[in-house]
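Single-structure report; data block below.
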Amino acid sequence: MEKIKLKIELLSKKIDIVKSKLLVFSAGIAGCWAFISSHYNNVDFLVIISLILIFVFGFGVGMNLLKFSDLTQKIDELDKELNNE
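Okay, so the sequence shown: first residue is 1 according to UniProt numbering, each after it adds one.
In structure tokens, the structure reads:
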């Protein structure tokens, strides 16, 4: 039982880390966009930069969602272990 409690605590810490990474990543993208849009007036350049930032943002969100799905699988495994005891 103690081992399962430690696993649950570890998973909750991993979830907090993933959430904070996602928040920092989103804030970084917003900061980049604010900097670029305030310093450049060329629309074509902004469109190119927007597409690059959207791609990078989508990639980061996708990777974090994969981590969340992995964590939910581990939580389900722990739930099954708890039900078996």
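Backbone N, C-alpha and C define an ideal beta-carbon position, used for all residues, glycine too. In this text, all values refer to a predicted model and were calculated from it rather than measured experimentally.
request  = Please look up how many angstroms separate the CB atoms of ILE36 and LEU51, rounded, as I've assumed it's under 8 Å.
outcome  = 12 Å between Cβ atoms; not a contact.
inquiry  = With three or more C-beta pairs closer than 8 Å as the rule, is the stretch 54 to 65 touching the stretch 3 to 16?
reply    = no
query = What residues in its chain sit with their C-beta under 8 Å from that of GLU81, if we drop five residues either side in the sequence?
reply = Closer than 8 Å at Cβ, skipping near neighbours: ILE4.
message = Assuming the contact rule is C-beta atoms closer than 8 Å, LEU71 and LYS13 should be a hit. Round their C-beta distance to whole Å, please.
response = Not really, about 11 Å apart at Cβ, beyond 8 Å.
request  = Could you tell me which of GLU77, LEU66 and ALA30 sits nearest to ILE54, measuring between CA atoms?
outcome  = It is ALA30.
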